[in-house]
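Q:
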Amino acid sequence: MFATLRSTRNPLLRLFILMTTLWLAACQPMGSGGGNVNAGAAVPVALLVPSGSGETNDELLASSLRQAAQLAISDLNGVKIDLRVYNTGSSPELAAQMASKAVDEGAKIILGPVYSGSANAAAVAVASRGVNVLAFSNNTDIAGGNLFVLGPTFPNTANRMASFAVAQGKRRVLVVSEQTLAGEVGAAAIKTAVTRFGGEIAGEVSFPYSQTDVASAVPKIASRVNAGGVDALFLTSDAGGALPMLAQMLPEQGVNPAVTKFIGLTRWDTPPAAMALPGLQGGWFALPDPSLNERFRQRYFTAYGGAPHPIAGLAYDGIAAIGALVKAGRADALSRDALTQPSGFVGVNGIFRLRPDGTNERGLAVAEIRDGQVRVIDAAPRSFGGPGL
Numbered sequence: 300m301f302a303t304l305r306s307t308r309n310p311l312l313r314l315f316i317l318m319t320t321l322w323l324a325a326c327q328p329m330g331s332g333g334g335n336v337n338a339g340a341a342v343p344v345a346l347l348v349p350s351g352s353g354e355t356n357d358e359l360l361a362s363s364l365r366q367a368a369q370l371a372i373s374d375l376n377g378v379k380i381d382l383r384v385y386n387t388g389s390s391p392e393l394a395a396q397m398a399s400k401a402v403d404e405g406a407k408i409i410l411g412p413v414y415s416g417s418a419n420a421a422a423v424a425v426a427s428r429g430v431n432v433l434a435f436s437n438n439t440d441i442a443g444g445n446l447f448v449l450g451p452t453f454p455n456t457a458n459r460m461a462s463f464a465v466a467q468g469k470r471r472v473l474v475v476s477e478q479t480l481a482g483e484v485g486a487a488a489i490k491t492a493v494t495r496f497g498g499e500i501a502g503e504v505s506f507p508y509s510q511t512d513v514a515s516a517v518p519k520i521a522s523r524v525n526a527g528g529v530d531a532l533f534l535t536s537d538a539g540g541a542l543p544m545l546a547q548m549l550p551e552q553g554v555n556p557a558v559t560k561f562i563g564l565t566r567w568d569t570p571p572a573a574m575a576l577p578g579l580q581g582g583w584f585a586l587p588d589p590s591l592n593e594r595f596r597q598r599y600f601t602a603y604g605g606a607p608h609p610i611a612g613l614a615y616d617g618i619a620a621i622g623a624l625v626k627a628g629r630a631d632a633l634s635r636d637a638l639t640q641p642s643g644f645v646g647v648n649g650i651f652r653l654r655p656d657g658t659n660e661r662g663l664a665v666a667e668i669r670d671g672q673v674r675v676i677d678a679a680p681r682s683f684g685g686p687g688l
C-alpha cells in the first residue's frame, strides 16, 4: 500500500527540508533593529517572495503569500501599509540584494523570505541598518539578532504535546524518529520538551529513511514497548514518510495504541486518508486553532477563488503583527522591544508571539483521532499564560 518513502511526496515536509538546509552557516544576523515609524503615514513594508526561481511551486507560493498579505492589509482598521513586493527566487545572494534594495527604497521592516538561506542572507544584509526581518522559515538555527522566524517550529509543538501528555499521565516516552535532518531536529525537540515538563525519556529508536529500514525498526520499537515502562510513542514522522508504515505495522507487532499512546510531532490530518490508519486511532497531535484557520481559508477563497498555500497564513500574521503595533501608537513600533511584546498577536492560526531569541511561540490545540475523524480534546489557548504555554 505504501511502496516507497519519499520526502518529496509531502509538500510540507519538502518545504521543511528546504527551509532547514538552505541556510548560511557562516553568517549570523546582528543588531536589534530600530523600527521607527511616522505617525499617520503609510508604513513601507517589503515582502520578499520566491518568485523567479523557475519552479512552479515557488511561483504558486509567492502568489499566495502576496495575496494573504493583501488580505491582511484589508483587515487593518486605521493603519496604512505600503506593501512592496520583491522577487528573490531561491537565491540567498538575490535575497540579500533585494533586502538592501527594499531598505534603500524606504522599507521599515521585511516580511520573508521563505527559505532559510535566503532569510539569513537578507537579515545579514540589512542588520546594520536597523531593519528587522520576519522570515517565513521554521528553522530556529537562523533565528536571532534582527531575524525572527514566523514558521511553526518543532520545539513549540513538542512543548505543547509533552506538557499535555505528562498532565494526562503519559510520562514515560519512547522517541521514534527517522535519520533525516527533520527527524533529528524533531527528536531533539521532543527529548528537551518531555524532560522540561517532568516526563521521562524511556528510550529512542531511529532508523534510516527507507522502507526496508522502517520495517526493520518496527520489531525493535515493539520489543521495547512490550518490555514495559513505556506510556507513549512520540513520533517525528509524517504521512508523507514513515508514519503510514509505523501506524500499520506496530499494532500488528502487539503495540496496542489504547495502552501505549501514539503522539505526533507533525499534522496527522493531511492527507485525510492517514486518519484511517490503525495505529493512529486514539492518537494525539497538535494543530492550529481550527476555527480561526477555517475562517481564513474561507475568506481567502472568497477573495481569490482558490485555497491558500499551507504557509500563506504566515504573511497574514506578519501584517497583522505590524498593524497591531502601529495602531498602538508606538514610535518604535517595529523595534525588537515592540515585536517581542509578551502579549503577542492574533493571526490566522491563533495567538502567537515572537521571542527575544528570534523564535516564536504559537498557541496550539491538541486533537485526537477517533474513528478516522479529528476531535479537538484540548482547545488552543486564546491568550498567553493558558494551557500548554
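Counting from 300, one number per residue, gives the positions in the sequence shown under the numbering used here.
For every residue, glycine included, the Cβ atom is placed at its ideal position computed from N, Cα and C.
Since this is a predicted model, take the numbers as computed values, not measurements.
Assuming Gly-411 and Val-348 make a contact with CB atoms under 8 Å, what is their CB distance in whole Å?
A: Going by Cβ atoms, the distance from Gly-411 to Val-348 rounds to 6 Å, so yes, they are a contact pair.
Q: I'd like the list of long-range same chain contacts for His-608, defined as Cβ closer than 6 Å, with 5 residues on each side in sequence excluded.
A: Leu-360 and Ser-363, listed in sequence order.
Q: Can you grab the Cα-Cα spacing for the pair Ser-373 / Lys-379, in whole Å?
A: The straight-line gap from Cα to Cα measures roughly 9 Å.
Q: Please classify Arg-594: is it buried, with 16 or more other beta-carbons within 10 angstroms of its beta-carbon, or exposed?
A: Exposed is the call here.
Q: By alpha-carbon positions, which one of Val-465, Leu-624 and Pro-655 ends up nearest to Phe-644?
A: For Phe-644, the nearest C-alpha among the options comes from Leu-624.
Q: Do the segment 627-643 and the segment 547-564 touch if we need at least three Cβ pairs shorter than 8 Å?
A: The answer is no - the segment 547-564 does not touch the segment 627-643, with fewer than three Cβ pairs under 8 Å.
Q: Tell whether a beta-carbon distance below 8 Å holds between Pro-550 and Pro-556.
A: Cβ atoms of Pro-550 and Pro-556: closer than 8 Å.
Q: Just the C-alpha distance for Ala-398 and Asn-376, rounded to the nearest angstrom, thanks.
A: Approximately 28 Å, taken between the alpha carbons.
Q: Would you mind giving the Cβ-Cβ distance between Ile-618 and Val-342, rounded to the nearest angstrom? I have them listed as a contact below 8 Å.
A: Actually they do not touch by this definition, with Cβ atoms about 10 Å apart.
Q: Taking Gln-672 as part of the beta strand (DSSP E), name the residues at either end of that continuous run.
A: 672-677 is the extent of the beta strand (DSSP E) around Gln-672.
Q: Can you give me the Cβ contacts of Gly-612 inside the same chain, cut-off strictly under 7 Å, excluding the 5 residues immediately before and after it?
A: Here the set comprises Ala-367, Phe-595, Gly-646, Val-647 and Asn-648.
Q: Contact defined as beta carbons within less than 8 Å: I believe Ser-417 pairs with Ala-394. What is the distance between those atoms, to the nearest angstrom?
A: That belief holds up - the Cβ atoms of Ser-417 and Ala-394 are roughly 4 Å apart, short of 8 Å.
Q: Just to confirm before moving on: does the CB-CB distance between Gly-540 and Glu-477 stay below 8 Å?
A: In contact: Gly-540 and Glu-477 (Cβ atoms closer than 8 Å).
Q: Do you know offhand how far Phe-600's Cα is from Ala-514's?
A: Approximately 41 Å, taken between the alpha carbons.
Q: Considering only the beta carbon of each residue, do Ile-668 and Gly-582 sit closer than 8 Å?
A: Yes, Cβ-Cβ distance for Ile-668 and Gly-582 is below 8 Å.
Q: State the start and end residues of the unbroken alpha helix (DSSP H) segment that holds Gly-482.
A: First-last of the alpha helix (DSSP H) with Gly-482: 480-495.
Q: Is it true that the segment 498-507 meets the segment 429-445, where meeting means three or more beta-carbon pairs spaced less than 8 Å apart?
A: Not touching, per the Cβ criterion.
Q: Rounded C-beta distance between Leu-591 and Leu-532? I'm assuming under 8 Å.
A: Contact flag wrong, Cβ pair sits at about 30 Å.
Q: Thinking C-beta only, is Val-665 closer than 8 Å to Pro-589?
A: No, the Cβ-Cβ distance between Pro-589 and Val-665 is not below 8 Å.
Q: So, at 8 Å on beta carbons, what are the nonlocal neighbours of Pro-655 in its own chain, with the 5 sequence-adjacent residues on each side left out?
A: Excluding positions up to five away in sequence, the list reads Arg-635 and Thr-639.
Q: I'd like the span of the alpha helix (DSSP H) that includes Ile-621, first residue to last.
A: From DSSP, the alpha helix (DSSP H) with Ile-621 extends over 612-626.
Q: Arg-471 and Ala-501 look like a contact to me (Cβ under 8 Å); what is the Cβ gap, rounded to whole Å?
A: About 4 Å separates the two Cβ atoms, so the contact holds.
Q: According to the Cβ coordinates, are Thr-535 and Gly-482 closer than 8 Å?
A: Yes, Cβ-Cβ distance for Thr-535 and Gly-482 is below 8 Å.
Q: Of all the alpha helix (DSSP H) runs that stay within the bounds of the segment 492-548, which reach a length of 4 or more residues?
A: Taking only runs of at least 4 residues, the alpha helix (DSSP H) segments lying wholly in the segment 492-548 are 510-525.
Q: According to the neighbour-count rule (16 or more other Cβ atoms, all chains shown, within 10 Å of its Cβ), is Pro-454 buried or exposed?
A: Answer is buried; the Cβ neighbour count reaches 16.
Q: Comparing alpha-carbon positions, which option in Gln-672, Ala-461, Ser-415 and Ser-427 lies nearest Thr-569?
A: When each option's Cα is compared against that of Thr-569, the closest is Gln-672.
Q: Could you round the C-beta distance between Ala-492 and Ala-457 to whole angstroms and report it? I think they count as a contact, below 8 Å.
A: That belief holds up - the Cβ atoms of Ala-492 and Ala-457 are roughly 4 Å apart, short of 8 Å.
Q: Skipping 5 residues on each side, what residues in its chain have a beta carbon closer than 7 Å to that of Lys-469?
A: Asp-530, Ala-531 and Lys-560, listed in sequence order.
Q: Buried or exposed for Lys-523, please, with buried defined as at least 16 other CB atoms from any protein chain shown within 10 angstroms of its CB.
A: Per the sequence shown, the amino acid found at residue 523 is Arg instead of Lys. With 16 or more Cβ atoms within 10 Å of its Cβ, Arg-523 is classed as buried.
Q: Do you know how far the Cα of Ala-546 is from the Cα of Thr-320?
A: Because the pLDDT of Thr-320 is 38, which lies under 50, any placement of that residue in the model is unreliable, and the number read from its coordinates should be weighed accordingly. About 28 Å.
Q: What three-state label does DSSP hand Tyr-414 in the structure shown?
A: Residue state, collapsed to three classes: coil.
Q: Straight-line CA distance for Gln-369 to Gly-662?
A: Using only the alpha carbons, I get a separation of about 24 Å.
Q: Please report the residue range of the alpha helix (DSSP H) in which Ile-372 lies.
A: Note, Ile-372: alpha helix (DSSP H), 355-373.
Q: Give the range of the beta strand (DSSP E) segment to which Lys-560 is assigned.
A: Per DSSP, Lys-560 belongs to the beta strand (DSSP E) from 560-563.
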